[in-house]
Every structure is written in C-alpha cells, then in structure tokens.
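Participant: Residue numbers (the working numbering): 369 to 674. Virtual Cβ for every residue (Gly too), placed ideally from N, Cα, C. Sharing a structure with you now.
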Amino acid sequence: MSTHKSYLFDRGFWYLLIGSGLFALKGIFIKLAYHYDVDTTELMTLRMLFSLPIYLFILFYSLRNDENQLSGKICWLAALLGFFGYYLASWLDLYALNFLPANIGRVVLYTYPTFVLLISVLFLKKSLQRHLVILLAVIYIGLLFVLGPSVFKENLGSISWSFLLGVLLTLGSGLSYAIYLVGADRLSKKMTPRFFTSLAITAASCAILLHYFSLYSFANLFEQPLPVYGYGLAIAIFSTVLPSFLITSGITRLGAEMGSAMTTVSPVFTLVFAYFLLNETLTWIQSIGFCIVLVAVYQLSQMKRG
C-alpha cells in the first residue's frame with residue numbers, strides 16, 4: 369500500500385481536509401454578512417461571543433484535571449500569541465474583505481508561510497537556502513498575476529487604491545498569523561494543544577471585547593439584523609471551533625508537516641465556494657497566478673520537513 373493510500377484511509381487525513389474546508393468558508397460567511405452593513409469589529413465580537421463559552425469550558429476542564437503545570441510567564445506568552453493569531457490577524461483579515469473579493473483575499477493570505485520563513489531566518493537564525501529564495505520569488509510573481517488585473521482597473525495610470533489597501537491589510541494579517549505560528553510551534557511543546565488553543569483564543573476574545581466596547585455600547589449587540597447573528601454563529605462554529613479541533617486532531621495523528629501541506633487545499637475550497645455562493649470569478653491570468661502560488665506554497669510547506 370502506498371503512503372498516499374495510507375493517508376487517504378487515515379482519519380487524520382479527513383480531519384485535516386474537512387478542517388481546511390471549514391476554515392475556507394470563513395471568508396464566504398464574512399462577505400455575506402457584509403451585505404447587511406455590519407462593522408468588522410461587531411462581526412468579530414459576535415464570532416467570539418458564540419465560540420468563547422466552548423473554549424472556556426475546555427480551558428477550565430484542562431485546569432481542573434491538572435493537564436498543565438505552567439508558570440505565569442508561559443501563560444502570558446500564550447495569551448500574547450493569541451492576540452497576534454486570533455485578534456490582530458483576524459481583524460485585519462475581516463476588515464480587508466471590505467475591499468477585496470473573497471477568492472483573491474484567500475490567495476494573498478495564503479502567502480503567510482513566506483513570513484514564517486522570513487521570521488525564522490531573521491530572528492531564529494535559521495539559514496536561507498537558495499531554493500527557498502527561488503520559491504519566495506515564484507510565490508510573489510504568482511501573486512502579481514493574481515492582483516495585477518484588479519489593482520490596475522483599466523490602465524497603468526488608474527490604480528484601485530482601495531483594492532491595494534485590502535491587499536496590504538491581508539498581508540498584515542498573514543504576518544500577524546505567522547508570528548503566532550512561529551511562537552506557537554515553540555510554546556505549544558510546553559502545554560497540551562487544546563489548552564494552548566483555548567488559552568490563546570480566550571485572550572484574543574478579551575482583546576476583541578475591549579476593542580468593541582471602546583467603540584459601541586452593550587445594547588448595540590442586540591440591534592443587528594437577524595441574518596448577521598446567523599453568520600456570526602456560523603463563523604464561530606463552522607469556521608472557528610470545529611476546524612481548530614479537527615486540524616489539531618489531524619496534526620496529532622499525521623504530524624505538523626502533513627498539516628502544513630494540507631493548508632494548500634484551503635484556497636481551492638474558497639475559490640469554489642466564492643464561485644457558487646458569491647458569483648466571484650478569476651480571469652485566466654489570475655487563474656494562472658493562483659496555480660503558481662498554490663504549487664509554490666505547497667513546495668515550501670513540503671521543504672519544511674528538512
């Protein structure tokens with residue numbers, strides 16, 4: 369039996385596949401919710417209010433069963449990583465979708481492994497080999513193919529500045545998530561994965577609530593159109609809680625390398641969902657760029673094994 373076939377019949381493979389597909393739905397739910405003029409911060413707050421009780425239950429269950437004997441410093445570091453990974457990265461990503469189609473937004477966000485690599489080189493003193501430099505160049509060439517037709521509406525003198533702002537916000541989201549991943553890779557070895565995830569998301573939820581109440585009153589939470597609550601609940605359950613545990617379970621069974629490689633399917637899911645649910649399409653030039661980015665980032669994730 370081949371390795372590919374053994375993966376196919378392993379539950380971990382399907383955990384990763386389904387989890388990646390559910391994560392891809394987040395951008396679709398967000399774009400649908402924006403039809404009702406909901407603010408980015410309001411939508412993030414609803415998402416966290418619906419998902420927070422689940423993570424709090426897991427957090428207190430872990431503490432009660434003494435799964436982790438940790439210092440306060442380690443817990444604060446986990447909370448700080450949660451700020452980067454689940455608050456700042458999420459807010460930038462959601463806000464960027466005010467200016468970008470969901471399919472293009474996912475392609476831009478999908479370049480976050482390049483930031484992981486650069487952070488590892490600059491701050492962890494890891495070597496940058498020539499083939500990795502080539503892959504980075506290929507990724508951003510593909511990104512130019514994807515973004516070019518949308519940045520320049522009609523000619524080189526007509527730039528869509530709002531679209532460009534969306535791209536920069538999404539790149540910022542990718543950088544923030546990369547900081548989370550690099551830190552999580554080092555810190556999660558000191559605590560159980562579900563405790564780390566629950567602690568990080570709980571800290572991020574506190575940051576989101578502080579952000580929200582600095583702008584709005586508590587009563588404003590009850591003044592949204594009914595569909596907004598539905599989309600907020602969908603983002604919380606189907607694109608936050610379920611995929612976070614599915615992917616953690618898949619990585620536990622098959623390893624971090626396989627989990628990293630499986631993230632390559634997420635933009636494909638988004639492309640399909642955006643086509644059928646949002647009527648978003650790509651030009652043939654953008655499709656070529658999409659394939660270039662997809663293949664190059666897959667190769668980058670595979671090279672992490674070395």
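Can you tell me where the alpha helix (DSSP H) holding Ala-602 begins and where it ends?
Facilitator: Note, Ala-602: alpha helix (DSSP H), 594 to 604.
Participant: Does the beta-carbon of Leu-515 have 16 or more other beta-carbons within 10 angstroms, so that it is buried, or is it exposed?
Facilitator: Answer is buried; the Cβ neighbour count reaches 16.
Participant: Tell me which same chain residues have a C-beta within less than 8 Å of the C-beta of Leu-601, skipping the five on either side of it?
Facilitator: Around Leu-601: Leu-414 and Phe-418.
Participant: How about Leu-390 and Ile-398: do their beta carbons lie closer than 9 Å?
Facilitator: Going by C-beta atoms, Leu-390 is not nearer than 9 Å to Ile-398.
Participant: Taking only three categories from DSSP, how would you classify Met-559?
Facilitator: Of the three classes helix, strand and coil, the one that applies to Met-559 here is coil, per DSSP.
Participant: Are the stretch 392 to 406 and the stretch 640 to 647 touching, with three or more C-beta to C-beta distances below 8 Å?
Facilitator: Verdict: yes, contact present.
Participant: Using the beta-carbon count (16 or more within 10 Å), is Gly-380 buried or exposed?
Facilitator: Burial call: buried.
Participant: Roughly how many whole angstroms lie between the Cα atoms of Leu-543 and Ser-439?
Facilitator: Taking the straight line joining both Cα atoms gives about 28 Å.
Participant: So what's Asn-588 in DSSP terms, helix, strand or just coil?
Facilitator: The answer is helix: DSSP assigns Asn-588 an H, G or I state.
Participant: Would Pro-469 be called buried (16 or more neighbouring beta carbons within 10 Å of its own) or exposed?
Facilitator: Burial call: buried.
Participant: Considering only residues of the same chain and omitting the five flanking positions on each side of Lys-493, which have a CB-CB separation below 6 Å?
Facilitator: Nothing meets the Cβ criterion.
Participant: Measure the C-alpha to C-alpha separation of Arg-621 and Ile-615 and round it to an integer number of angstroms.
Facilitator: The alpha-carbon atoms of Arg-621 and Ile-615 are separated by roughly 10 Å.
Participant: Run the CB neighbour count on Thr-649, radius 10 Å, all protein chains shown included, and call it buried at 16 or more, exposed below.
Facilitator: The residue is exposed, with fewer than 16 neighbouring Cβ atoms inside 10 Å.
Participant: Assuming Tyr-454 contacts Ile-603 (C-beta within less than 8 Å), just tell me the rounded distance between them.
Facilitator: Not a contact, Cβ separation roughly 12 Å.
Participant: If you measure between the beta carbons of Leu-400 and Tyr-597, is that distance less than 9 Å?
Facilitator: In this structure, Tyr-597 does not lie closer than 9 Å to Leu-400 by Cβ.
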